[in-house]
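Counting from 1, one number per residue, gives the positions in the sequence shown under the UniProt record's numbering.
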Amino acid sequence: MFDPGFLWGAATSSYQIEGAITEDGRGPSIWDTFATTPGAVRGRDTGAIAADHYHRFPGDIALMAQLGLRAYRFSLAWPRIQPTGSGPANQRGLDFYRRLTDTLLDHGIQPWPTLYHWDLPQPLEDAGGWPVRDTAERFAEYAALAHEALGDRIARWTTLNEPWCSAFLGYATGRHAPGRREPAAAVRAAHHLLLGHGLASEAIRDSARVGITLNLTHVTPLSAEPADLDAARRIDGMQNRLFLDPLLRGAYPEDVLDDLGEVTGTGHVRDGDLKRIGAPLDYLGVNYYAPMLVAGSPTPAQSAYVGSPLTRVADGGRPKTAMGWEIDERGLVNLLLRLKDDYPAVPLYITENGAAFDDVVEQDGEREVVHDADRIAYLDGHLRACAEAIGHGVPLKGYFVWSLLDNFEWSFGYGPRFGIVHVDYATQRRTPKDSARWYAEVIRRGGL
Ligand code: PNW
């Protein structure tokens, strides 16, 4: 069961909702560049306007208060604060986040900012991006500026959102910005993201709590055949342990280093890096959407799983969301139990969980209503999974729905809708879906 202090929230990220990409001195990010590259994003959608949250944040926060949210997870756009990725802070950029956090606090909502949710300033990518070490140093400088300006109102900082996506979707598959297909660079990027986390934490830790958010999953082999078992070990290694082990055990997993050995050496890992990366975390943020069933494959494939071409993802035969992701809350129970067993003592928060479905928008007189029973079922099942895990002693302290608002779903553009609040992009009208009312009731009762 959920104790009274359990933190109930909802999440978004800067590029996905803010819009206003040239306002108040914001510089270009890699997502501005990528989204305007032909073929990169479905329907040629971009974040130029998005949900116009930059202008509509007061109304959005009033909505959050109506829903009874205790916390709001959002991200700071680095190119608003440092338009070129280095140098002094842009005061107008900082002012936006001051107004945002003040308004949240006025409504009794805890601001839960993430420093990096994928919008790298373009000039830093032009200088090499995350595959070069300097980007980690720049990130720490930016973190220090943000902390200096906003630290008086922020109790907890999250450094990175899903470094796996930044590294392997950004630099190996090219499905995310900056769209590079260089497996060896992706492995270096993963290390420099972790190093950036470590360096940024040093700038913050003395006066606030620091954590990181990872996209983790529960990996199961398709069968007990050796090829399937090996595929499961490799994919668990690349998706989960490559990040968990350095952060929570201070060392990269040996088997993963072996798998990666032929792709890239370890020359980019310097003495002292792992000590910084492995410094104690105040909490671990977990983003969970779906489990993974994996198998060995006789034909090599290029995938995000660099160094493991003889693997494939299998179909578990379960119902799927509009993203094609399988719905299985047992994966969340199993993941949380595994974290408790293998990485004990670190407090956990679900920093994202949710689903895209084809919502039914209906007109009820003047009013729009959005019926999303499948989203309610998804959230209900996964919250039950959280309660079960807590019952088994998992130190889970809070839960954030992804997402508060329908938004720019990266390379899928505005097609998939994850919000518990519907956004009519033509008018920017917000309509709480049935799931929003359901979630408000869960929060009010303090559980299911
Ligand atoms: C996460 N994948 O992204 C992000 O943190 C959110 O910004 C995003 O909107 C949400 O999940 C829903 O997609 C992911 O392909 C994007 O493995 C892609 C993957 C995983 C996570």
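From the three backbone atoms N, C-alpha and C, an ideal C-beta is built for every residue, glycine too.
| Check | Outcome |
| --- | --- |
| Cβ neighbour criterion (16 or more within 10 Å) applied to P253 | buried |
| Any non-hydrogen atom of the ligand PNW closer than 7 Å to W402 Cβ | yes |
| Boundaries (first-last residue) of the alpha helix (DSSP H) holding A184 | P183 to I204 |
| At least 3 beta-carbon pairs within less than 8 Å: the segment 235-249 vs the segment 211-223 | yes |
| Uninterrupted alpha helix (DSSP H) stretches inside the segment 40-70 (no shorter than 4 residues) | 53-67 |
| Within 8 Å, strictly: CB atoms of I420 and T311 | no |
| Residues bridged to K320 [DSSP beta-bridge criterion] | E326 |
| Rounded separation between Q302 and A167 - CA only | 15 Å |
| Complete runs of the beta strand (DSSP E) confined to the segment 96-134 [at least 3 residues] | 110-116 |
| Euclidean distance between Cα positions of A385 and P123 | 43 Å |
| Limits of the alpha helix (DSSP H) - the one that Q239 falls within | Where Q239 is concerned, there is no enclosing alpha helix (DSSP H), given that its DSSP letter is neither H nor E. |
| At least 3 beta-carbon pairs within less than 8 Å: the segment 330-340 vs the segment 265-272 | no |
| Straight-line Cα distance separating Y116 from N161 | 6 Å |
| Beta-carbon contacts of Y54 that lie in its chain and below 6 Å, excluding the five residues immediately before and after | E18, G19 and A20 |
| Straight-line Cα distance separating I154 from Y15 | 21 Å |
| Beta-bridge pairing of residue 462 - partner residues as DSSP gives them | Because residue 462 is not part of the residues shown, which for the chain are 1 to 448, the question remains open. |
| Residues of its chain near D230, where Cβ-Cβ distance is below 7 Å and the 5 sequence neighbours each way are ignored | G296 |
| Heavy atom of the ligand PNW within 7 Å of F74 beta-carbon | no |
| T264 classed as buried or exposed, judged by whether at least 16 other C-beta atoms fall within 10 angstroms | buried |
| Closest Cα partner of W78 within the set L63, A65, Y72 and L94 | L94 |
| Cβ-based burial, R71 [other Cβ within 10 Å; buried from 16] | Note that residue 71 corresponds to Ala in the displayed sequence, not to Arg. Classification of A71: buried, given that the 10 Å Cβ count is 16 or more. |
| Alpha-carbon spacing of D259 relative to S308, whole angstroms | 7 Å |
| Pairwise C-alpha distance: A290 and Q363 | 33 Å |
| Same chain, Cβ closer than 6 Å to Q82, neighbours up to 5 away in sequence not counted | Y142 |
| Distance cut-off 7 Å: W410 Cβ against heavy atoms of the ligand PNW | yes |
| Candidates K397, P178, G446 and M64, of which the one nearest L348 by Cα | K397 |
| Where K433 sits in the DSSP three-state scheme | coil |
| Proximity test, L284 beta-carbon vs the ligand PNW heavy atom, cut-off 7 Å | no |
| Supposed contact pair G174 and R181 - C-beta distance, whole angstroms, cut 8 Å | 4 Å |
| For G398, the three-state DSSP class (helix, strand or coil) | strand |
| Three-state secondary structure (DSSP) of N287 | strand |
| Proximity below 8 Å, CB of H176 to CB of A136 | no |
| Nearest residue (CA-CA) to F96, options A377, M1, R205 and D24 | D24 |
| Proximity below 8 Å, CB of T159 to CB of P113 | no |
| Straight-line Cα distance separating D374 from T22 | 37 Å |
| Of the listed residues L145, T101 and A190, nearest to W130 (C-alpha basis) | A190 |
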